[in-house]
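Beneath this line is the structure, given in structure tokens, with notes to follow.
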Amino acid sequence: MILRVKFCKKNYLKYISHLDLMRLFKRSFNKAGIPIKYSEGFNPQPKFSIGAPLSLGIESEEEYMDIELEHMPVDEFMEKMNQVLPQDIQIVSGKYLEGEDSLNSIIAWATYEIQFEIGNKIDKEELNETINKWILQEEINITRTRKKKGKMVERETNIKPFIKDVIVKDIGEDISIKVLLRTGSNGNLNPTDFMMALNRDNELGIDLDTIRIKRTGLYAEKGDQIYKPL
Numbered sequence: 517m518i519l520r521v522k523f524c525k526k527n528y529l530k531y532i533s534h535l536d537l538m539r540l541f542k543r544s545f546n547k548a549g550i551p552i553k554y555s556e557g558f559n560p561q562p563k564f565s566i567g568a569p570l571s572l573g574i575e576s577e578e579e580y581m582d583i584e585l586e587h588m589p590v591d592e593f594m595e596k597m598n599q600v601l602p603q604d605i606q607i608v609s610g611k612y613l614e615g616e617d618s619l620n621s622i623i624a625w626a627t628y629e630i631q632f633e634i635g636n637k638i639d640k641e642e643l644n645e646t647i648n649k650w651i652l653q654e655e656i657n658i659t660r661t662r663k664k665k666g667k668m669v670e671r672e673t674n675i676k677p678f679i680k681d682v683i684v685k686d687i688g689e690d691i692s693i694k695v696l697l698r699t700g701s702n703g704n705l706n707p708t709d710f711m712m713a714l715n716r717d718n719e720l721g722i723d724l725d726t727i728r729i730k731r732t733g734l735y736a737e738k739g740d741q742i743y744k745p746l
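Residue numbers (our numbering): 517 to 746.
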């Protein structure tokens with residue numbers, strides 16, 4: 517049976533890499549005595565996957581993982597896992613699936629809360645107007661570097677289709693915005709790249725060292741429908 521769980525990743529543990537997070541869960545399954553299924557072959561591995569891996573240095577309130585288990589009650593799974601997991605990585609909820617598609621095939625969007633300081637004085641209405649004009653452009657291009665056949669290759673990418681919504685939440689000592697960006701196997705926009713382009717094109721004077729990013733939600737997509745994976 518496939519158990520889909522939601523978990524958080526907060527505070528200092530935002531600096532744990534995706535590979536180390538996978539290792540942490542492997543050790544935690546063993547320590548908690550979870551009846552997880554294993555792959556066959558010379559080097560059997562526990563059968564689980566995390567959807568839309570999080571970039572290093574970003575907190576999250578909502579990550580998802582699919583685990584193939586021999587049946588055990590969801591409450592028991594959560595209790596045993598949370599006893600052995602670090603305090604800042606905890607299972608929040610879970611549900612057994614019936615014929616659902618895999619996380620990596622359905623996750624398409626992510627919401628982020630981004631806080632930052634700005635050098636130029638600007639009010640909420642002015643910033644909203646600036647951002648709205650910016651995302652209405654035909655193209656918003658960034659340069660991405662990829663390794664191809666052993667060489668680093670630069671390529672221009674239009675990120676406008678990867679930006680669905682931007683809302684200015686608050687302006688005080690810090691500015692707080694909420695953004696909905698494309699993520700997953702069908703396209704991905706790192707929120708750091710989004711902020712670099714926003715600052716570059718609008719000359720906002722953002723202090724890039726003050727940027728703090730938290731992923732607050734992940735969403736699946738089927739046709740025109742966007743919905744929570746759990």
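Glycine is no exception: its CB is placed at the ideal position from the N, C-alpha and C atoms.
What you are looking at is a predicted structure, and each value in this text was computed from that prediction instead of being measured.
The beta-bridge partner set that DSSP reports for P677 is empty. Rounded to whole angstroms, the Cβ separation of K522 and Y580 is 6 Å, and the two are in contact under 8 Å.
Taking the C-beta atoms as reference points, I605 is found nearer than 9 Å to I532.
In terms of Cβ geometry, I552 and E595 do not form a close pair [threshold 9 Å]. Per DSSP, E719 lies in no beta strand (DSSP E) and is assigned neither H nor E. One Cα belongs to D617, the other to G567, and the distance between them is close to 12 Å.
For D536, the enclosing alpha helix (DSSP H) has its first and last residue at H534 to A548.
Between the alpha carbons of T699 and K730 lies a gap of roughly 14 Å.
The bridge partners DSSP lists for V521 are M581 and G610. In the same chain as G733, and ignoring 5 residues on each side of it, the C-beta atoms closer than 6 Å to its own belong to E578 and T627, in chain order.
Sixteen is the threshold: when 16 or more other Cβ atoms of the shown chains lie within 10 Å of the Cβ of F710, as they do, the residue is buried. The beta-carbon separation of K640 and V684, rounded to 5 Å, stays under the 8 Å limit for a contact. Collapsing the DSSP output to three states places I651 in a helix. Per DSSP, the continuous beta strand (DSSP E) segment holding S692 begins and ends at I691 to R698. In this structure, DSSP gives P562 an extended state, which the three-state scheme calls strand. Per the coordinates, the alpha-carbon of F545 lies some 50 Å from the alpha-carbon of E642.
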